Structure formats: structure tokens, C-alpha cells
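A.B. asks:
Residue numbers (my numbering): 340 to 563.
1) Is it the case that the Cβ atoms of residue 432 and residue 420 are separated by a distance below 8 angstroms?
2) Is the CB-CB distance between residue 413 and residue 446 below 8 angstroms?
3) Can you tell me whether residue 426 is buried or exposed? The criterion is at least 16 other CB atoms within 10 Å of its CB, across all chains shown.
4) Is it right to say residue 516 is buried, meaning 16 or more other beta carbons lie within 10 angstroms of its own, or is it exposed?
5) What residue range does the alpha helix (DSSP H) around residue 485 cover?
6) Assuming residue 511 and residue 519 make a contact with CB atoms under 8 angstroms, what is their CB distance in whole Å?
7) Give me the residue from 463, 442, 484 with the minimum Cα distance to residue 524.
8) Starting from the N-terminal side, write out each stretch of the alpha helix (DSSP H) that is 4 residues or longer and does not extend beyond the region 410-458.
9) In or out: residue 539 buried (at least 16 other Cβ within 10 Å) or exposed?
10) Nearest chain C C-beta to residue 455 closer than 8 angstroms, yes or no?
11) Identify the continuous alpha helix (DSSP H) that holds residue 553 and give its terminal residues.
12) Tell me the DSSP secondary structure of residue 500 in three-state form.
13) Where does residue 506 sit, in a helix, a strand or coil, going by DSSP?
14) Taking DSSP's pairing of strands, which residues face residue 539 in a bridge?
15) Compute the Euclidean distance between the alpha carbons of residue 454 and residue 491, then round it to the nearest angstrom.
16) Taking the alpha-carbon positions, what's the residue 438 to residue 480 distance?
17) Using alpha carbons as the reference points, say which of 470, 435, 562, 429 lies closest to residue 456.
18) What does a CB cutoff of less than 7 angstroms around residue 488 pick up in its chain, not counting 5 residues either side in sequence?
19) Mapping DSSP to helix, strand and coil, what is residue 403?
20) How many Å lie between residue 474 and residue 458 at the Cα?
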């Protein structure tokens with residue numbers, strides 16, 4: 340089998356999506372692998388030679404797509420997120436930092452993006468591999484009240500803790516997010532947990548002099 344036939348077989352291994360995404364460099368690399376093959380190498384040997392290069396290219400494509408997908412979510416780019424989902428990017432794909440699109444979207448103040456990801460099947464209780472933050476904690480921290488509602492309605496664990504022992508309620512309290520605190524309390528947030536510094540939500544609210552939050556917590560049974 341001559342080199343020309345080798346190249347024809349390799350072209351059949353390449354999907355139309357790869358060409359559309361401009362992965363010409365990978366194509367050249369694969370063709371080079373074939374060109375170095377013995378003239379009479381069979382289809383099985385050819386496949387074994389090309390497979391590692393194909394796998395490497397696929398991994399690179401997926402990683403780049405996941406990173407761009409998560410960036411779109413962080414930017415609150417609902418149209419961009421929709422396009423990535425349509426092309427088959429997994430809703431819980433992670434980037435190199437262990438972040439998912441829902442974790443990123445929770446900080447964007449764009450509840451539409453959060454709703455879209457939840458509807459696509461994103462895990463509402465996914466935790467960052469870096470610090471254990473969940474989407475609910477992130478939304479609570481940034482005061483994204485509508486996103487907090489969406490996540491709670493979708494089954495987010497209101498009392499989940501990160502690696503510092505902080506809950507969404509503690510996050511919202513430290514930031515003075517009155518509306519979020521009330522929303523979390525309405526969904527049964529536990530007022531008792533403390534972080535690794537010994538701060539409960541009530542202690543944090545008093546320390547920060549957030550009188551409205553102090554009152555809301557005491558009305559929900561918080562005591563020191």
C-alpha cells in the first residue's frame with residue numbers, strides 16, 4: 340500500500356467537526372505519522388500508529404471547548420453557553436482549575452445562564468476541587484438572589500459546607516447580602532454551623548454590624 344492510500348485512509352478517520360474547527364495542524368501530524376509507515380503496512384497497523392495522535396487531538400479539543408464554555412458562563416453569555424451545549428459540551432465539564440460552568444455562572448449575576456445549565460442537567464451540588472465551594476455558596480457570596488432561588492428550587496443543598504466549614508448562609512452573612520440571607524433561611528438554612536474560625540452566621544452578622552441580618556437570624560432561632 341503506497342503513501343497516497345495511507346493518506347486516504349487517514350482522511351476517513353478525521354471527522355468533519357475537526358476540519359470545521361481548523362485542526363489542520365493535527366491533520367498534518369497524523370499524515371506525517373502515516374508517511375513514516377512502512378509501504379506495505381496494513382489497515383490494522385495504520386490504525387495503531389494513528390490512534391494515539393487522534394486521542395491526543397480529541398483531548399485537546401475537549402479541554403479547550405470546556406474552558407471556553409466555562410468562560411462564557413462566567414461572562415453571563417447565555418447565547419454562548421447555549422451554543423456550546425448544542426455542540427455537545429457536557430454541562431459538568433471542568434477546566435484545569437476544577438471549575439464547572441455552573442460554578443462560574445453562579446458569580447455572573449445572570450440567572451438565565453444558571454437556569455439554562457440546570458435545565459441541561461448540570462449538578463447543582465457540584466463542588467470546586469480547589470476549595471469545595473458550591474454554586475449556591477458562590478451565588479450567595481455575590482448576592483445573586485435570583486440565581487440562589489433557581490439553585491434552591493433545583494435541589495441545591497442549603498447546608499453544604501466548603502473546606503473552611505462555611506455554608507451559603509455564612510457566605511451571604513459575611514457579605515451583608517440581606518435578601519439572600521432571607522431566601523436561605525426561608526429554605527431551611529441551619530443557623531448553627533460555624534466555620535474554622537469559630538464564626539456562626541449570627542456572630543458574623545454582629546461582628547459586621549449588619550443589624551437587619553442579625554434580626555433575621557434571631558427570628559429564625561439563632562442564639563449565641
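Each residue gets a CB set at the ideal place from its N, CA and C atoms; glycine is no exception.
What you are looking at is a predicted structure, and each value in this text was computed from that prediction instead of being measured.
C.D. replies: If we stick to the structure as given:
1) Locating residue 432 in the chain shown gives position 93, counting from the first residue. Locating residue 420 in the chain shown gives position 81, counting from the first residue. No Cβ-Cβ contact shorter than 8 angstroms links residue 432 with residue 420.
2) The residue you call residue 413 lines up with position 74 of the chain shown. The residue you call residue 446 lines up with position 107 of the chain shown. Closer than 8 angstroms, so yes.
3) Counted from its first residue, the chain shown places residue 426 at position 87. Only exposed fits residue 426, as fewer than 16 other CB atoms lie within 10 angstroms of its CB.
4) Taking the chain shown and counting its residues from 1, one reaches residue 516 at position 177. With 16 or more Cβ atoms within 10 Å of its Cβ, residue 516 is classed as buried.
5) Your numbering for residue 485 matches position 146 in the chain shown. Taken as a continuous stretch (DSSP letters only), the alpha helix (DSSP H) holding residue 485 covers 484-492.
6) Here residue 511 refers to the residue found at position 172 of the chain shown. Here residue 519 refers to the residue found at position 180 of the chain shown. Between residue 511 and residue 519 a beta carbon distance of about 4 angstroms is seen, short of the 8 angstroms cut, so the two are scored as contacting.
7) Here residue 524 is taken as the residue at index 185 of the chain shown, counted from 1. Considering only alpha carbons, the answer is 484.
8) DSSP runs (the alpha helix (DSSP H)) wholly in the region 410-458: 417-425, 440-444, 450-458.
9) As a first step, residue 539 is located in the chain shown; it is residue number 200 there, counting from the start. So residue 539 ends up on the buried side.
10) Of the protein chains in the structure, only one exists, and it is not chain C.
11) As a first step, residue 553 must be located in the chain shown, where it is residue number 214. According to the DSSP assignment, residue 553 belongs to the alpha helix (DSSP H) that extends over 550-558.
12) For this step, residue 500 is matched to residue 161 along the chain shown. Residue 500 falls in the coil class under three-state DSSP.
13) Walking along the chain shown from the start, residue 506 turns up at place 167. When DSSP states are grouped into helix, strand and coil, residue 506 belongs to the coil group.
14) As a first step, residue 539 is located in the chain shown; it is residue number 200 there, counting from the start. Residue 539 is bridged by DSSP to 533.
15) Looking up residue 454 in the chain shown gives position 115. Looking up residue 491 in the chain shown gives position 152. Taking the straight line joining both Cα atoms gives about 11 angstroms.
16) For the purposes of this step, residue 438 is taken as residue 99 along the chain shown, with counting starting at 1. For the purposes of this step, residue 480 is taken as residue 141 along the chain shown, with counting starting at 1. Linking residue 438 to residue 480 through their CA atoms gives a straight-line distance of about 16 angstroms.
17) Within the chain shown, residue 456 is the residue found at index 117, counting from 1. When 470, 435, 562, 429 are compared, the shortest CA-CA separation from residue 456 is found for 429.
18) Start at 1 with the first residue of the chain shown, and residue 488 comes out as number 149. For residue 488, where only same-chain residues beyond five positions count, the Cβ hits under 7 angstroms are 522.
19) Residue numbering aside, residue 403 sits at position 64 when the chain shown is read from its first letter. Looking at residue 403 - three-state DSSP - the assignment turns out to be helix.
20) Translated into the one-based positions of the chain shown, residue 474 becomes position 135. Translated into the one-based positions of the chain shown, residue 458 becomes position 119. Going by the C-alpha atoms only, they are around 15 angstroms apart.
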